[in-house]
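Presented below is the structure to which this report refers.
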Amino acid sequence: MPTATVAAGKSLLTPTDHTLILIDHQSQMAFATHSIDVATLRNNVALLAKGAAGFDVSTILTTVAEKSFSGPLFPEVLPSLPNTQVHDRTTMNCWEDAAVVSAINAAGKGRIVLCGLWTSVCIVGPALSALDQGFEVYVIADACGDVTAEAHERAMQRMIQAGVRPMTSMQYLLELQRDWARGKTYDLTTGIAKVHGGGYGLGIQYAKSMFGASEGGH
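Position 202 (the sequence shown) corresponds to 1069 in the working numbering; numbering is contiguous.
Right, here's the structure in full:
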């Protein structure tokens, strides 16, 4: 029988053990996205951008044909990550772009966390490519989208079958925090949740306002 110890599981993410790649959260790509409400998608992407910036996560931003076709990044992205270079590509699979691969190698992380548009093309491509090259790969499903719900779901299933670990945007943020006694990032995490966490965020605001309550006794 195994013995329980006070230790986090090795597959849990930490702020320093992975590179987050936000792929093609652009106007033209969003126009045809129907697997998720675009307002919800933008909210989730904003949560990720703020969380990655606040936890100082190694982050890569990439676009496809920004000037000629797909348009600018969502306006929620760059204000949180103003010093992060945006790599524009012609390849649908960012893992086939030399500048992006160079940035991944420069970051030096063995884990890759992906999200973007569309799931079945620009996420499946790098996910399967990274797995082939020995990386651990996570995909933030609710910061991705596709032209139909089925396209998104089939893409997620294909990646999971290959070994990708799926998660959500709020799960990602809370996994980085993981202990409410970590006071340095407590206000950051709850502050992001208040704005982008839906009913959970309202609950934090309500408890603080009405009772002075907080997670972990802060």
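Cβ coordinates follow ideal geometry from the N, Cα and C atoms, glycine included. Bear in mind the structure is a predicted one, so any value in this text is a computation, not a measurement.
8 Å Cβ cutoff met for residue i and residue j
i, j, result
"residue 928", "residue 905", "no"
"residue 1073", "residue 1032", "no"
"residue 1021", "residue 987", "yes"
"residue 1053", "residue 915", "no"
"residue 895", "residue 937", "yes"
"residue 1011", "residue 891", "no"
Residue i in three-state terms, based on DSSP
i, result
"residue 812", "Residue 812 lies beyond the residue range present for the chain, which begins at 868 and ends at 1085; the question has no answer from this structure."
"residue 993", "helix"
"residue 931", "strand"
"residue 982", "strand"
"residue 955", "strand"
"residue 890", "strand"
"residue 947", "coil"
"residue 879", "coil"
Sheet register partners of residue i (DSSP bridge)
i, result
"residue 1033", "1006"
"residue 926", "887"
"residue 1012", "984"
Inter-residue CB distance, residue i and residue j (contact presumed, cutoff 8 Å)
i, j, result
"residue 909", "residue 931", "The Cβ separation is near 18 Å, so there is no contact."
"residue 919", "residue 880", "At roughly 11 Å, the Cβ-Cβ gap does not stay under 8 Å, so residue 919 and residue 880 are not in contact."
"residue 976", "residue 884", "6 Å"
"residue 887", "residue 925", "7 Å"
"residue 900", "residue 984", "6 Å"
"residue 923", "residue 869", "About 34 Å separates the two Cβ atoms, so there is no contact after all."
"residue 902", "residue 1063", "Incorrect: roughly 19 Å between the Cβ atoms, too far for contact."
"residue 993", "residue 960", "6 Å"
"residue 1013", "residue 911", "With a Cβ gap of about 15 Å, residue 1013 and residue 911 do not count as contacting."
Exposure of residue i, with buried meaning 16 or more beta-carbon neighbours within 10 Å
i, result
"residue 942", "exposed"
"residue 991", "buried"
"residue 1017", "exposed"
"residue 917", "buried"
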